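If you read the sequence shown in my numbering, its first letter stands for residue 11, the second for the next number, and so on.
To start, the structure itself, in structure tokens.
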Amino acid sequence: MSKARHVSETPATQLLKQHKIAYTEHTYDYVDHGGAGEAARQLGLDPHAVVKTLVMEDESAKPLIVVMHGDREVSTKNLARQAGLKKVEPCKPEVAQRHSGYQVGGTSPFGTRKKMPVWVEADVLTYPVVYINGGRRGYLIGIDPNVLVTVLGAKPVSVALE
């Protein structure tokens, strides 16, 4: 089976094009619950440079996005403290989908249905390129992580669990 090199546009790639942001496209065979680790394995990438987009909610059920290294978990306790919130927890998949407009496993922080505050693990911003979901399962885009700050106003936090 040959891999398509170009994936039709998503709200994420449309937003990046509007902002004239350069990115590379990387497709792989999506595996349920394979996550960033599976994508990194198939594409031969550093699992630390493949980042995941997590939709969470605060104590008032207001959604927020956390961008984290694919091979790390988020300390929701530290995130709540650093974000000035009482509590943060992951959204249920159907709620996350409603907020983002993306299918779980294909969530991008770019071009979400609802505008949400974005938090990014500070160390992610030190990479020259990270691979993040482009808005579809099995589709990553390689991008300068600082675009998260310039385009989405992402705020750096240190919330990775070791």
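All C-beta atoms in this analysis are idealised placements derived from N, C-alpha and C, irrespective of residue type, glycine included.
Remember, predicted model here, so these are calculated numbers, not experimental data.
Open item on the list: Here's a check: name, in chain order, each residue in its chain whose Cβ is nearer than 7 Å to the Cβ of L158, leaving out the five neighbours to either side.
Closed with: Residues of the same chain with a CB within less than 7 Å of the CB of L158, apart from the 5 flanking positions on each side, are V77, P119, V128, V130, A164 in chain order.
- [ ] Enumerate in chain order the residues of its own chain whose CB-to-CB distance from Q92 is below 6 Å, with the five nearest sequence positions on each side excluded.
- [x] Counting only Cβ-Cβ distances below 6 Å, and skipping sequence neighbours, we find V167.
Open item on the list: Restricting to Cα atoms, I'd like to know which of A90, M126, N143 is closest to G115.
Closed with: The closest CA to that of G115, considering only A90, M126, N143, is found on N143.
TODO: Using the Cα positions of S12 and Y38, report the straight-line distance between them to the nearest angstrom.
DONE: Caution is warranted here: a pLDDT of 37 is assigned to S12, below 50, making its placement in the model unreliable, and no coordinate value can be reported.
Task: Nearest candidate by alpha-carbon position, reference H36, set Y112, T122, L55, A132 - done: Checking every option, the nearest Cα to that of H36 belongs to L55.
Task: Rounded C-alpha distance that separates R147 from T122 - done: Each residue's Cα considered, the two are about 15 Å apart.
Open item on the list: In chain order, what are the residue ranges of uninterrupted alpha helix (DSSP H) at least 4 long that sit wholly in the stretch 79–115?
Closed with: Every alpha helix (DSSP H) stretch that sits fully inside the stretch 79–115 and reaches 4 residues is listed by chain position as 86–93, 103–110.
Open item on the list: For T63, list the residues DSSP reports as bridge partners.
Closed with: Note: T63 sits in a beta bridge opposite V77.
Task: Exposed unless 16 or more other CB atoms sit within 10 angstroms - verdict on E83 - done: Exposed, because fewer than 16 other Cβ atoms sit within 10 Å of the Cβ of E83.
Task: Close Cβ partners of Q107 (< 7 Å) along its chain, the five nearest in sequence each way excluded - done: Only residues of its own chain outside the window of five on either side were considered, and among them Q113, V114 have a CB closer than 7 Å to the CB of Q107, listed in chain order.
Task: Under 8 Å between C-beta atoms of L89 and V169 - done: Taking a C-beta distance under 8 Å as the contact criterion, L89 and V169 qualify as a contact pair.
Task: Through-space distance from E69 to H79, alpha-carbon basis - done: Their Cα atoms are separated by approximately 24 Å.
TODO: Select from K30, Y149, E67 the residue whose C-alpha is nearest the C-alpha of M126.
DONE: Minimum Cα-Cα distance from M126 among the listed residues K30, Y149, E67 corresponds to E67.
Open item on the list: As a quick exercise: from P138, L135, T117, pick the residue whose alpha carbon is nearest that of A46.
Closed with: Cα-wise, what sits closest to A46 is T117.
Open item on the list: Can you check which of these residues, L150, H109, V60, is closest to Y137 by C-alpha distance?
Closed with: Each of L150, H109, V60 was checked against the Cα of Y137, and the nearest Cα belongs to V60.
Task: Beta-carbon proximity list for E48, same chain, < 7 Å, skipping 5 on both sides - done: Excluding its 5 nearest sequence neighbours in each direction, E48 has C-beta neighbours in its own chain below 7 Å: V41, listed in chain order.
- [ ] Drop a sphere of 10 angstroms on the beta-carbon of K62, count the other beta-carbons inside from all chains shown, and report buried for 16 or more, exposed for fewer.
- [x] With 16 or more Cβ atoms within 10 Å of its Cβ, K62 is classed as buried.
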